[in-house]
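Asker: Have a look at the structure that comes next, please.
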Amino acid sequence: MAKTPLSKIIKFYIRFTPSYSAIGYHLRSIFWRNRPNDFAGQTWLVTGGSEGIGAAAARQGAEGGAQVICVARDAAKLAAFAQSVRSPQPVTYLTADFSRTADVYALLDRIRACGVRLDVLIDNVGIQKHQPVITDEGLETSFVTNILSHHLLVKTLLEEKILKDDAAVIEVSSGGMYNHRMIPDDLNITDASRYLGPRAYGMAKRAQVMIMSYWRSQQAHLSQKFYAMHPGWVDTASVNRSMPRFVALLKSVLRNHEKGADTIVYLARERPRQKRDEAIWFDRKERGTHIYAHTPDPGVRPQDVVNKLDSFLTPPAH
Ligand SMILES: NC(=O)c1ccc[n+]([C@@H]2O[C@H](COP(=O)([O-])OP(=O)(O)OC[C@H]3O[C@@H](n4cnc5c(N)ncnc54)[C@H](OP(=O)(O)O)[C@@H]3O)[C@@H](O)[C@H]2O)c1
2 MAKTPLSKII
12 KFYIRFTPSY
22 SAIGYHLRSI
32 FWRNRPNDFA
42 GQTWLVTGGS
52 EGIGAAAARQ
62 GAEGGAQVIC
72 VARDAAKLAA
82 FAQSVRSPQP
92 VTYLTADFSR
102 TADVYALLDR
112 IRACGVRLDV
122 LIDNVGIQKH
132 QPVITDEGLE
142 TSFVTNILSH
152 HLLVKTLLEE
162 KILKDDAAVI
172 EVSSGGMYNH
182 RMIPDDLNIT
192 DASRYLGPRA
202 YGMAKRAQVM
212 IMSYWRSQQA
222 HLSQKFYAMH
232 PGWVDTASVN
242 RSMPRFVALL
252 KSVLRNHEKG
262 ADTIVYLARE
272 RPRQKRDEAI
282 WFDRKERGTH
292 IYAHTPDPGV
302 RPQDVVNKLD
312 SFLTPPAH
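Using the working numbering, the first residue of the sequence shown is number 2, and each one after it goes up by one.
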């Protein structure tokens, strides 16, 4: 594989470090008006809610009075997080592995059994792989974890009206999407010779943004809100695992978990009107979804992404 030229790497860091690091957060936050979080009476579901950005958003939701249900794989980690939160209503949790759609179908059964209706859904689980790892369902792990499982969740919760008519859905995407053009047929690459981890990640993150645009148009008759956001560069476990050199270089200026979750909580609280059909929110502001000339493709519609994702979904036989 060809190595990225050093000049390109330097340009990348010069362009993005001031904005995506804690420096950008501090400079922008000087101008923010902070209203208190009042989520009393609301129910939230947060995927990847036991650590990192998801846990920070879940904590603020619960401290603001919401009943928060966190989802992740490790029950012990979920229990420890739930116990650490001091909130009017205890944080509860459900386990599911988002790399398996069977787990998401089972999670949906448990959500139905709880009888809850949701005010806020935060689709936060996200991973990046260096090599394709094929699941027992025959799909590429990061594709299922980052986008297919979340699509299944949103689609089913909307169809079954478990998401309230004025609910907010917030997809935690990434600035990593900016470098990648959407090619729906490349969302699930299982062939190691064609697989590039950052591309698989970036394409799934772009799909999250396009899918929010799809649901915004489909559900326009309701007051539901559909947002995609990105958290900037945050010092979390997954970034330490997947990008150790990046962390070593920027550790002192990475955002903490609360700063990474800030725009999620802002969107849940303020429900701002989005002007563009397709946008990504960052530091409380709506931003465009293309910054490079090679990524826009007017021939690929959000509907095409949805059709591709739907083609991978097979409900389990009961
Ligand atoms: N950190 C950054 O700088 C950064 C930048 C841009 C975008 N993002 C996005 O922000 C989101 C959160 O990232 P993070 O850095 O906060 O991650 P993190 O600290 O590693 O937290 C990951 C959370 O997801 C859960 N999780 C991981 N794999 C899972 C799976 N297969 N099924 C269910 N739950 C799973 C983890 O719990 P278990 O291990 O118990 O399952 C944990 O609760 C991701 O979508 C990421 O792409 C992060």
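The beta carbon of each residue, even a glycine, is placed where N, CA and C say it ideally should be.
1. Name the residue from N125, F144, K309 and D137 whose alpha carbon lies nearest to the alpha carbon of W45.
2. Are I123 and A201 close, meaning C-beta to C-beta below 9 angstroms?
3. When the Cα of L164 is compared with those of G127, G177, E138 and Q225, which residue comes out closest?
4. Hey, L268 and Y228 are a contact pair by Cβ (cut 8 angstroms); roughly how many whole angstroms apart?
5. Could you spell out the range, first to last residue, of the beta strand (DSSP E) harbouring D167?
6. In this structure, how does DSSP classify L188 when only helix, strand and coil are distinguished?
7. Using a Cβ-Cβ cutoff of less than 8 angstroms, which residues in the same chain neighbour D186 once the five nearest sequence positions on both sides are dropped?
8. Indicate, with yes or no, if ligand 1 has a heavy atom lying under 8 angstroms from the CB of Y202.
9. Run through the DSSP bridge pairs and tell me what T48 is partnered with.
10. My output table needs one value for D28: the three-state DSSP class, helix, strand or coil.
11. Under 8 angstroms, with one C-beta from each stretch per pair, do the segment 230 to 242 and the segment 13 to 31 reach the 3-pair mark?
12. To the nearest angstrom, how far is it from the Cα of R101 to the Cα of F32?
13. For D311, which of Y14, T157, T264 and D263 has the nearest alpha-carbon?
14. Output the distance between the C-alpha atoms of R302 and H27, rounded to the nearest integer angstrom.
15. Between which two residues does the beta strand (DSSP E) harbouring T96 extend?
16. Do T96 and A83 have their C-beta atoms within less than 9 angstroms of each other?
17. Please classify E52 as buried or exposed, where buried requires at least 16 other C-beta atoms within 10 Å of its C-beta.
18. May I ask you to report which of helix, strand or coil DSSP gives L119?
19. Hey, V121 and Q43: beta-carbon distance below 9 angstroms or not?
20. For F174, which residues in the same chain have their Cβ closer than 7 angstroms to its Cβ, ignoring the five residues on either side in sequence?
21. With a threshold of 16 other CB atoms inside 10 Å of the CB of F40, please say whether the residue is buried or exposed.
22. Q129: beta carbon under 8 angstroms from a heavy atom of ligand 1?
23. How long is the line joining the alpha carbons of L197 and Q132, rounded to whole angstroms?
24. Could you check what DSSP says for F283 in three-state terms: helix, strand or coil?
25. Is it the case that the Cβ atoms of V204 and T290 are separated by a distance below 9 angstroms?
Answerer: In short, the structure shows the following:
1. In the sequence shown, residue 45 corresponds to position 44, counting from 1. Nearest of N125, F144, K309 and D137 to W45, Cα basis: N125.
2. Taking the first residue of the sequence shown as 1, we reach residue 123 at position 122. Taking the first residue of the sequence shown as 1, we reach residue 201 at position 200. At the C-beta level, I123 and A201 stay beyond 9 angstroms of one another.
3. Mapped onto the sequence shown, residue 164 falls at position 163. For the residues G127, G177, E138 and Q225, the minimum Cα distance to L164 belongs to Q225.
4. One-based indexing of the sequence shown puts residue 268 at position 267. One-based indexing of the sequence shown puts residue 228 at position 227. Confirmed, about 5 angstroms.
5. Translated into positions along the sequence shown, residue 167 becomes position 166. Under the DSSP assignment, D167 falls in the beta strand (DSSP E) whose first and last residues are L164 to V173.
6. Taking the first residue of the sequence shown as position 1, residue 188 is located at position 187. DSSP places L188 in coil when its eight states are reduced to three.
7. Counting from one through the sequence shown, the residue named residue 186 turns up at place 185. Correct list, in chain order: K309.
8. Translated into positions along the sequence shown, residue 202 becomes position 201. Taking 8 angstroms as the cut-off, the C-beta of Y202 counts as close to a heavy atom of ligand 1.
9. Position 47 of the sequence shown holds residue 48. Answer is V72, bridged to T48.
10. Translated into positions along the sequence shown, residue 28 becomes position 27. The residue you asked about is not Asp; residue 28 is Leu in the sequence shown. DSSP places L28 within a helical segment (H, G or I) once states are collapsed to three.
11. Touching, yes.
12. Translated into positions along the sequence shown, residue 101 becomes position 100. Translated into positions along the sequence shown, residue 32 becomes position 31. Straight-line measurement puts the Cα of F32 at about 42 angstroms from the Cα of R101.
13. Taking the first residue of the sequence shown as position 1, residue 311 is located at position 310. With distances taken between Cα atoms, D311 lies closest to T157.
14. Within the sequence shown, the letter at position 301 stands for residue 302. Within the sequence shown, the letter at position 26 stands for residue 27. Each residue's alpha carbon lies about 36 angstroms from the other.
15. As a working mapping, residue 96 is identified with position 95 in the sequence shown. Residues T93 to T96.
16. If you number the sequence shown from 1, residue 96 lands on position 95. If you number the sequence shown from 1, residue 83 lands on position 82. Going by C-beta atoms, T96 is not nearer than 9 angstroms to A83.
17. As a working mapping, residue 52 is identified with position 51 in the sequence shown. Looking at its Cβ environment, which holds 16 or more other Cβ atoms inside 10 Å, E52 is buried.
18. Translated into the one-based positions of the sequence shown, residue 119 becomes position 118. Strand.
19. Indexing the sequence shown from 1 puts residue 121 at position 120. Indexing the sequence shown from 1 puts residue 43 at position 42. Yes, they are a contact pair.
20. Position 173 of the sequence shown, counted from the first residue, corresponds to residue 174. One point to set straight first is that residue 174 is Ser, not Phe, in the sequence displayed. Contacts found: K206, Q209, V210, A229, M230, H231 and I281.
21. If you number the sequence shown from 1, residue 40 lands on position 39. F40 comes out buried.
22. By 1-based counting over the sequence shown, the position of residue 129 is 128. Because some heavy atom of ligand 1 lies under 8 angstroms away, the Cβ of Q129 counts as near it: yes.
23. As a position in the sequence shown, residue 197 is number 196, starting the count at 1. As a position in the sequence shown, residue 132 is number 131, starting the count at 1. Rounded to the nearest angstrom, the gap between the Cα atoms of L197 and Q132 is 7 angstroms.
24. For the purposes of this step, residue 283 is taken as the residue at position 282 of the sequence shown. Secondary structure of F283 (DSSP, three-state): strand.
25. Within the sequence shown, the letter at position 203 stands for residue 204. Within the sequence shown, the letter at position 289 stands for residue 290. Reading the sequence as shown, one finds Met at residue 204 and not Val. No, the Cβ-Cβ distance between M204 and T290 is not below 9 angstroms.
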